[in-house]
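Peer 1:
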Amino acid sequence: MQASTTNERLEFINALDIHKVSNTAAAQDTANVVAGSALYFVQSVSKTMKDDVINSTLLAQLAANKKYDRQANKAQWYGYYTQVLGQLGWVVQEFSLTEMNNVGAYPSMDQLILKYSATFLTGGQLGQFTSMINALKETKNKKAESILNAQSSYSKSANFQLGLTFAKDGNPYVSIAGFAYTSSKEIGRVLFDPITDPKMAFYAGKLFDDDSCDADYSTLGAGHQTMFLDENLYSQVRQSVLEKLSAEPLDKLVCAIQL
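In terms of the working numbering, the sequence shown opens at residue 58 and continues consecutively.
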């Protein structure tokens, strides 16, 4: 067979008719662990939106991890995390904490988290969010939970985000909660450890400093908001974000959750 010229090869490639990957909404809901966060995506969120949410929030976490100790300097960490999100095109407010009471009424962290989440998620959203939390308990999601545990906790301290993503007016919106707690015991499963400390106390209004509570106490704070990514703004930095993340071990940072 006679070798084609460069121009002939280019003409051949340009004339190829290939299958187009759809950028429409997903056929079903999905969920992912993204470093120290877990996000639910309703089916109305397109693949591009989902990728943009994952990549931008991952970059913000990694940048905040580099700037501040995620566990020892939680307030500063959240401040820088929010700052990076804003630079990437997110419309986001500072995270603040809400007091959570009657801790002893809940047998495990997931039950407490779901109780708090009911304060800002609608009935349908709460059901979807709950399915993600429950799925993370299962053996089939061992890798996803392992990533979340490794990226969000160390020793007796944890700092993680949980949220639900939906599409509106051509942009992805995330109803998200930031959680931070310090326990009197070693953390094993950040979302599912039993609550056995009768002295567990909760603080509101600010991200607590690690030296603001007695070492024998466990503390938990949470703050929520709905933030959205301006796709027009993000499209201007999308390629730079991808290049910045290209050297990262993404298989150790991002994992699909089987719902």
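A virtual CB, placed ideally from N, CA and C, is assigned to each residue, including glycine.
Skipping 5 residues on each side, what residues in its chain have a beta carbon closer than 6 Å to that of residue 271?
Peer 2: For this step, residue 271 is matched to residue 214 along the sequence shown. Residue placement at residue 271 is poorly supported in this model, since its pLDDT is 35, which falls under 50; the coordinates still yield a value, given next. Closer than 6 Å at Cβ, skipping near neighbours: no residue.
Peer 1: Looking at C-alpha atoms only, which residue of 67, 72 and 115 is the closest neighbour of residue 89?
Peer 2: Residue numbering aside, residue 89 sits at position 32 when the sequence shown is read from its first letter. Closest by alpha carbon: 115.
Peer 1: Using the beta-carbon count (16 or more within 10 Å), is residue 233 buried or exposed?
Peer 2: Against the sequence shown, residue 233 aligns to sequence position 176. Burial call: buried.
Peer 1: Let's test the definition: count the other Cβ atoms within 10 Å of the Cβ of residue 146 and tell me whether it reaches 16, buried, or not, exposed.
Peer 2: For this step, residue 146 is matched to residue 89 along the sequence shown. Buried: at least 16 other Cβ atoms inside 10 Å.
Peer 1: Tell me which same chain residues have a C-beta within less than 8 Å of the C-beta of residue 224, skipping the five on either side of it?
Peer 2: Locating residue 224 in the sequence shown gives position 167, where the first residue counts as 1. Result list for residue 224: 82, 99, 101, 102, 103, 106 and 230, in chain order.
Peer 1: How should residue 87 be labelled, buried or exposed, when 16 other C-beta atoms within 10 angstroms of its C-beta is the threshold for buried?
Peer 2: Here residue 87 is taken as the residue at index 30 of the sequence shown, counted from 1. The residue is buried, with at least 16 neighbouring Cβ atoms inside 10 Å.
Peer 1: For the beta strand (DSSP E) that contains residue 137, what are its first and last residues?
Peer 2: Residue mapping note: residue 137 aligns to position 80 of the sequence shown, counting from 1. That residue, residue 137, is in no beta strand (DSSP E); its alpha helix (DSSP H) goes 131-145.
Peer 1: Cutting at 6 Å between CB atoms, please list the residues of its own chain near residue 153, excluding the five before and the five after it.
Peer 2: The residue you call residue 153 lines up with position 96 of the sequence shown. The residues are 280.
Peer 1: Between residue 243 and the rest of its own chain, which residues show a CB-CB distance below 8 Å, the 5 nearest in sequence each way excluded?
Peer 2: The sequence position of residue 243 within the sequence shown is 186, counting from 1. If we look at residue 243 and ignore the five residues flanking it on each side, its Cβ neighbours are 212 and 213.
Peer 1: Can you give, in chain order, each stretch of the alpha helix (DSSP H) that sits fully within the region 152-185 and has at least 4 residues?
Peer 2: Runs found: 166-174.
Peer 1: I need the DSSP call for residue 118, collapsed to helix, strand or coil.
Peer 2: Working through the sequence shown from its first residue, we reach residue 118 at position 61. Note: residue 118 maps to helix in three-state DSSP.
Peer 1: Between which two residues does the alpha helix (DSSP H) holding residue 304 run?
Peer 2: For the purposes of this step, residue 304 is taken as the residue at position 247 of the sequence shown. No alpha helix (DSSP H) contains residue 304, which DSSP labels as neither H nor E.
Peer 1: Indicate the three-state DSSP secondary structure (helix, strand or coil) for residue 253 in the structure shown.
Peer 2: Residue mapping note: residue 253 aligns to position 196 of the sequence shown, counting from 1. It is coil, neither helix nor strand.
Peer 1: Rounded to whole angstroms, what's the CA-CA distance from residue 187 to residue 97? Just pull it up for me.
Peer 2: As a working note, residue 187 is residue 130 in the sequence shown. As a working note, residue 97 is residue 40 in the sequence shown. Each residue's alpha carbon lies about 10 Å from the other.
Peer 1: Out of 136, 305, 165 and 205, state which residue places its alpha-carbon closest to the alpha-carbon of residue 93.
Peer 2: By one-based count along the sequence shown, residue 93 stands at place 36. Nearest of 136, 305, 165 and 205 to residue 93, Cα basis: 205.
Peer 1: Here's the rule I'm using: 16 or more other beta-carbon atoms within 10 Å means buried, otherwise exposed. How should residue 303 be labelled?
Peer 2: Numbered from 1 along the sequence shown, position 246 holds the residue referred to as residue 303. By the 10 Å Cβ count, residue 303 comes out exposed.
Peer 1: Have a look at residue 169 and residue 73 and give me their C-alpha separation to the nearest angstrom.
Peer 2: The residue given as residue 169 occupies position 112 in the sequence shown. The residue given as residue 73 occupies position 16 in the sequence shown. Their backbone Cα atoms lie some 55 Å apart in a straight line.
Peer 1: Would you tell me roughly how many angstroms separate the C-alpha atoms of residue 239 and residue 121, rounded to the nearest one?
Peer 2: Taking the first residue of the sequence shown as position 1, residue 239 is located at position 182. Taking the first residue of the sequence shown as position 1, residue 121 is located at position 64. Their backbone Cα atoms lie some 19 Å apart in a straight line.
Peer 1: In whole angstroms, give me the CA-to-CA distance for residue 314 and residue 215.
Peer 2: One-based indexing of the sequence shown puts residue 314 at position 257. One-based indexing of the sequence shown puts residue 215 at position 158. Rounded to the nearest angstrom, the two C-alpha atoms are 20 Å apart.
Peer 1: Which first and last residues belong to the beta strand (DSSP E) in which residue 216 is found?
Peer 2: Mapped onto the sequence shown, residue 216 falls at position 159. 214-225 is the span of the beta strand (DSSP E), which, as asked, contains residue 216.
Peer 1: DSSP state of residue 94, grouped into three classes?
Peer 2: Residue 94 sits at position 37 when you count from the first residue of the sequence shown. In the structure shown, residue 94 sits in a strand (DSSP, three-state: E or B).
Peer 1: Find the nearest neighbour of residue 245 within the set 133, 165, 310 and 108, judged by alpha-carbon distance.
Peer 2: Residue numbering aside, residue 245 sits at position 188 when the sequence shown is read from its first letter. Residue 165 is the option with its Cα nearest to residue 245.
Peer 1: Going by DSSP, what residue range makes up the beta strand (DSSP E) through residue 232?
Peer 2: Locating residue 232 in the sequence shown gives position 175, counting from the first residue. Run containing residue 232: 228-239, per the beta strand (DSSP E) assignment.
Peer 1: In the DSSP assignment, what residue or residues form a beta bridge with residue 282?
Peer 2: Numbered from 1 along the sequence shown, position 225 holds the residue referred to as residue 282. For residue 282, which the question treats as bridged, DSSP gives the partners 233.
Peer 1: Please classify residue 199: is it buried, with 16 or more other beta-carbons within 10 angstroms of its beta-carbon, or exposed?
Peer 2: Counting from 1 along the sequence shown, the entry for residue 199 is found at position 142. The residue in question, residue 199, is exposed, as its Cβ has fewer than 16 Cβ neighbours within 10 Å.
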